[in-house]
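Residue numbers for the sequence shown follow our numbering, beginning at 445 and rising by one.
All C-beta atoms in this analysis are idealised placements derived from N, C-alpha and C, irrespective of residue type, glycine included.
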Amino acid sequence: MKTTFLATTLLIGTAIAASAETIEIDMLNKNAAGDQMVFSQELIRAEVGDVIRFIPTDKSHNAQSARNALPEGQEDFRGKMNKEVEYTVTETGLTAVICQPHQAMGMVALIVVGNDFSNAEQILGARIPGKGMDKIEALLEEARATVPVAEDADDTSS
Ligand SMILES: [Cu+2]
445 MKTTFLATTL
455 LIGTAIAASA
465 ETIEIDMLNK
475 NAAGDQMVFS
485 QELIRAEVGD
495 VIRFIPTDKS
505 HNAQSARNAL
515 PEGQEDFRGK
525 MNKEVEYTVT
535 ETGLTAVICQ
545 PHQAMGMVAL
555 IVVGNDFSNA
565 EQILGARIPG
575 KGMDKIEALL
585 EEARATVPVA
595 EDADDTSS
C-alpha cells in the first residue's frame with residue numbers, strides 16, 4: 445500500500461518536472477548571421493513554469509528585464525555583467541529583455557508567455573534607446589504574426 449502510494453507520487457512529480465522547460469539563451473558578440481551584440485534568440489516563447497537561462501557565452505554582456513516592461517506580478521531580474529542569470533516565468537504576458545551596455549545597438553529580446561499580448565502597450569512605452577526599441581517593435585509584430593497553433597487543440601469541426 446505504502447509502496448504504491450510512493451510510486452504514484454514519484455510519477456506525478458516526474459510528469460510535472462517534464463512539462464516545465466529550461467530555455468537557454470546565449471549572450472553573443474556575433475551570431476551565425478554576422479549580427480553583432482545579440483542574444484542568440486530574440487523572440488522567446490515560453491510558458492508559466494519555464495526557466496529562461498541567459499548564458500554569458502561571450503564577455504561584456506548582461507541580461508535584465510527592461511524597467512516597467514514585464515507582466516503584472518512577474519518579478520523582474522537583473523543579471524550582473526558576465527554572469528548567468530535565470531528568469532523563472534510565473535505570469536503570462538510580454539517581457540522586454542535588454543543587455544544594459546548594448547541595448548541601444550539592438551541587444552534586446554522579447555519574451556512571450558502563453559501568447560498573452562495584453563501588456564503590449566506597456567512594452568512599447570518602455571524606455572529602450574536606439575535600435576533596441578526598433579527591434580522590440582519588430583519582435584512584437586513578428587510574435588503576433590506567428591502565433592503557434594496549439595498542438596493539442598480539439599478538433600470541433602466534425
Ligand atoms: Cu551586450
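{"Item": "Residue burial classification, A422 (beta-carbon count within 10 angstroms, cutoff 16)", "Value": "The requested residue 422 does not occur in the structure, where the chain is confined to residues 445 to 602."}
{"Item": "P545: CB within 7 Å of a non-hydrogen atom of ligand 1", "Value": "yes"}
{"Item": "Near ligand 1: M577 beta-carbon under 7 Å from a heavy atom", "Value": "no"}
{"Item": "DSSP bridge partner residues for R497 (one or two, in chain order)", "Value": "E468 and E530"}
{"Item": "From G493, E486 and I555, residue whose alpha carbon lies closest to that of S463", "Value": "G493"}
{"Item": "Entirely enclosed alpha helix (DSSP H) segments - the stretch 523–572, minimum 4 residues", "Value": "564–568"}
{"Item": "Under 8 Å between C-beta atoms of F483 and M551", "Value": "yes"}
{"Item": "Counterpart residues of S509 in DSSP-defined beta bridges", "Value": "V541"}
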